[in-house]
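Residue numbers (the numbering used here): 641 to 1187.
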């Protein structure tokens, strides 16, 4: 139990404990609701260090208390939900400290939209942004090891985090970055908590190296568990604990600062938009398109288009501009739906380059490679037209989340991934499972990685809803694992998938995850019940049935 009066004695930041605030912080973008006891807004690192020391002392005194960091609350897994103390970093930890020639130094509460505006002034970009780029923070991107439309070429957030500062369970801030084996020896000998962590993780990886490497999912991206396989590079003789910290969902400590490596974006881009009436040629299309190295290769389904048409005024607000002009942009889709039927799937292949001629050549070659297939295609001609398709892809979840009366978005099988060459066999099997439950759902995702976001629309107050969530999750995840995939490519574990990590990795690797948590956080101060120590019963008991 968090004693607010005790916290006020040392805490300089803001404190919220009124009913309206606790109700707001009891939810994120997931299907869950967990009501916290108090919400804290730390003003500086001293505040964070002080509250960690307080929680540690209270825990040792036998009190049920913990600390969970939170930023924008756009997490789809229940990752930042807690029954104890929330630490909101958006109010004061929201400064971009420096943008250099190829890097940026920033605090975790900075919204990505603001971060990108600043980096683009220097012709630099953090390319691992998710579809929620307009409403998420860079801290959340690190916590979840986010990916998005440009991950196909550039990889996920883990590739761009060069260093983090983090307050550990002893209430002190430490700096983590890649170090050499010589530096690792020195760290192993230190008597600080940092030294104990380096020594403990080093030993854990050395003793289980082959087991850990064999456990790494054979897919292009993965956000499940702790990334033990990425820490030690025997060839380069380096050791990098940021690889565990990225994607740890606030379970190992409180991140206070990150240093990102940035890239120079290509100056020209256009979309090849592909409309499929059925899914039979999908695998063939994917194989042919990927040969031309698109920077992005995305997808959304017929239900996503219907959502956009239903809430067209909201889509037009996002696009901005003259209403009549914007409405005219959607005429091709209306005509297609009227005369040719709604496409089952729309694919967006983005080609980029340093010149418009280079991009035009790539588009022509890719389009020519598909001309014998039973599909319709169009190449975007303007930036506004391109933005239309990206808006449909990026905003469908938010439109559903905020507008569906009587039903709500239910992301619980929302981030599965297999290898692209398995799609031909995988998709029919997946559709057969989904058909058993007669749910209305949208499917969007990163077709180039074979990563799909399936979002059912459900009435969670109905008695059978929890049973469906449990059954369907088990069936879909079993199918994904049978195909050698991962249950989460970029959204991470949280309350929704942590109970399935043992199924995905097996007992031995799961025990290494538990040991990793103990090494960093021996008293379980930080965000308990995520990654390890979870239960399906707890998660189902906290499904939000009020909407």
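Cβ atoms here follow ideal geometry from the backbone N, Cα and C, with glycine treated the same way.
(Q) Check for me: the alpha helix (DSSP H) holding residue 908 runs from which residue to which? (A) Indexing the chain shown from 1 puts residue 908 at position 268. Segment 908–916 is the beta strand (DSSP E) holding residue 908; no alpha helix (DSSP H) there.
Q: Have a look at the DSSP bridge pairing and note the partners of residue 1091.
A: Numbered from 1 along the chain shown, position 451 holds the residue referred to as residue 1091. Partner(s): 1057 and 1086.
Q: Have a look at residue 912 and residue 1057 and give me their C-alpha separation to the nearest angstrom.
A: Working through the chain shown from its first residue, we reach residue 912 at position 272. Working through the chain shown from its first residue, we reach residue 1057 at position 417. Approximately 23 Å, taken between the alpha carbons.
Q: Put residue 843 into one of helix, strand or coil per three-state DSSP.
A: As a first step, residue 843 is located in the chain shown; it is residue number 203 there, counting from the start. Residue 843: helix per DSSP, three-state reduction.
Q.
Once DSSP output is grouped into helix, strand and coil, what is the label at residue 901?
A. Reading the chain shown from its first residue, position 261 is the one you call residue 901. Correct three-state label for residue 901: strand.
**Q.** Buried or exposed (CB count within 10 angstroms, at least 16 for buried), residue 944
**A.** Residue 944 sits at position 304 when you count from the first residue of the chain shown. Buried, by the Cβ-count rule.
Q: Pull up the distance between the alpha-carbon of residue 1137 and that of residue 1076, whole angstroms please.
A: The count along the chain shown starts at 1 and reaches residue 1137 at position 497. The count along the chain shown starts at 1 and reaches residue 1076 at position 436. Their backbone Cα atoms lie some 22 Å apart in a straight line.
Q.
Given this structure, state the Cα-to-Cα distance separating residue 1218 from residue 649, to the nearest angstrom.
A. Because the chain in this structure spans residues 641 to 1187, residue 1218 falls outside the shown range and cannot be described.
Q) Does the Cβ of residue 880 have 16 or more other Cβ atoms within 10 Å, making it buried, or fewer, making it exposed? A) Taking the first residue of the chain shown as 1, we reach residue 880 at position 240. When all chains shown are included, residue 880 counts as buried.
Q: List the endpoints of the continuous beta strand (DSSP E) containing residue 989.
A: Start at 1 with the first residue of the chain shown, and residue 989 comes out as number 349. Per DSSP, residue 989 belongs to the beta strand (DSSP E) from 985–993.
**Q.** Nearest to residue 666 (by Cα), restricted to the options 817, 726 and 758
**A.** Here residue 666 refers to the residue found at position 26 of the chain shown. Minimum Cα distance to residue 666 is reached at 726.
Q | Proximity winner among 910, 1185, 1034 and 1012, relative to residue 998 (alpha-carbon distances) | A | As a working mapping, residue 998 is identified with position 358 in the chain shown. Among 910, 1185, 1034 and 1012, the Cα nearest to that of residue 998 belongs to 910.
**Q.** DSSP state of residue 1123 mapped onto helix, strand, coil
**A.** Counting from one through the chain shown, the residue named residue 1123 turns up at place 483. Note: residue 1123 maps to coil in three-state DSSP.
(Q) Using the Cβ count rule (16 or more neighbours within 10 Å means buried), how would you classify residue 1156? (A) Looking up residue 1156 in the chain shown gives position 516. Buried.
Q) Who are the near neighbours of residue 1171 in its chain, counting only those whose CB is closer than 8 Å to its CB and skipping five residues on each side? A) What you label residue 1171 is simply residue 531 of the chain shown in a count that begins at 1. Closer than 8 Å at Cβ, skipping near neighbours: 865, 866, 888, 889, 891, 1133, 1138, 1141, 1153 and 1157.
Q) What are the complete beta strand (DSSP E) segments, minimum 3 residues, inside the stretch 810–877? A) 813–817
Q) Closest by CA to residue 1059, which one among 1013, 1102, 821 and 1119? A) The residue given as residue 1059 occupies position 419 in the chain shown. Answer by Cα proximity: 1119.
Q: Could you tell me whether the stretch 988–1008 touches the stretch 928–939, using the rule of 3 or more Cβ pairs below 8 Å?
A: yes
Q: Starting from the Cα of residue 815, find the closest Cα among 787, 822 and 827 and give me that residue.
A: On the chain shown, residue 815 is found 175 positions in, with the first residue counted as 1. Selected option, being the one with the closest Cα: 827.
Q. Helix, strand or coil: how does DSSP classify residue 659 here?
A. Counting from one through the chain shown, the residue named residue 659 turns up at place 19. The three-state reading of DSSP puts residue 659 in helix, counting H, G and I together.
(Q) I need the boundaries of the alpha helix (DSSP H) containing residue 885, first residue and last residue. (A) As a first step, residue 885 is located in the chain shown; it is residue number 245 there, counting from the start. Note, residue 885: alpha helix (DSSP H), 882–885.
Q. Any chance the stretch 738–752 sits against the stretch 767–785, with 3 or more Cβ pairs inside 8 Å?
A. yes
**Q.** residue 803, DSSP secondary structure in three states
**A.** Residue 803 sits at position 163 when you count from the first residue of the chain shown. The answer is strand: DSSP assigns residue 803 an E or B state.
Q: Assign residue 1022 to buried or exposed, taking buried as 16 or more other Cβ atoms, counted over all protein chains shown, within 10 Å of its Cβ.
A: Position 382 of the chain shown, counting from 1, holds the residue named residue 1022. Burial call: exposed.
Q.
If you reduce the DSSP assignment to three classes, tell me which class residue 894 lands in.
A. Residue 894 sits at position 254 when you count from the first residue of the chain shown. It is a strand residue.
Q: Grab the span of the beta strand (DSSP E) containing residue 1183 for me, first residue to last.
A: For this step, residue 1183 is matched to residue 543 along the chain shown. Unbroken run through residue 1183: none, as it is neither H nor E.
**Q.** C-alpha gap between residue 723 and residue 683, whole angstroms
**A.** Numbered from 1 along the chain shown, position 83 holds the residue referred to as residue 723. Numbered from 1 along the chain shown, position 43 holds the residue referred to as residue 683. Residue 723 and residue 683: Cα-Cα distance of roughly 22 Å.
Q) Does the Cβ of residue 655 have 16 or more other Cβ atoms within 10 Å, making it buried, or fewer, making it exposed? A) Position 15 of the chain shown, counted from the first residue, corresponds to residue 655. Residue 655 should be labelled exposed.
Q | Cβ shell of residue 1017 (< 8 Å), same chain only, five flanking positions each side left out | A | Locating residue 1017 in the chain shown gives position 377, where the first residue counts as 1. If the five residues before and after residue 1017 are omitted, its C-beta is found closer than 8 Å to the C-beta atoms of 912, 913, 914, 915, 1007 and 1010, all from its own chain and listed in chain order.
**Q.** Three-way DSSP call (helix, strand, coil) for residue 1068 in this model
**A.** As a working note, residue 1068 is residue 428 in the chain shown. If DSSP states are grouped into helix, strand and coil, residue 1068 belongs with the helices.
Q: Just mark residue 1061 as buried or exposed, buried being the case when its beta carbon has 16 or more other beta carbons within 10 Å.
A: Within the chain shown, numbered from 1, the residue matching residue 1061 stands at position 421. It counts as exposed.
**Q.** Helix, strand or coil at residue 697 according to DSSP, with G and I counted as helix
**A.** One-based indexing of the chain shown puts residue 697 at position 57. Helix, per DSSP.
(Q) Just to confirm my understanding: we take residue 877, look at its own chain, exclude 5 residues before and 5 after, and list those with CB closer than 7 Å. What are they? (A) Along the chain shown, read from residue 1 onward, the residue named residue 877 stands at position 237. Contacts found: 820 and 821.
Q. Quick one: what's got a C-beta closer than 8 Å to residue 765's C-beta in the same chain, skipping five residues either side?
A. Counting from 1 along the chain shown, the entry for residue 765 is found at position 125. Listed in chain order, the non-local C-beta contacts of residue 765 below 8 Å within the same chain comprise 756, 759, 902, 903, 904 and 905, local neighbours out to five positions each way being set aside.
Q. Which residues share a DSSP beta bridge with residue 1025?
A. Numbered from 1 along the chain shown, position 385 holds the residue referred to as residue 1025. Residue 1025 is not bridged to any residue.
Q | Contacts around residue 711, its chain only, beta-carbon distance under 7 Å, and the 5 residues preceding and following it disregarded | A | On the chain shown, position 71 is the one that residue 711 refers to. Same-chain partners within the cutoff: 729, 730, 748, 749, 777, 779 and 780.
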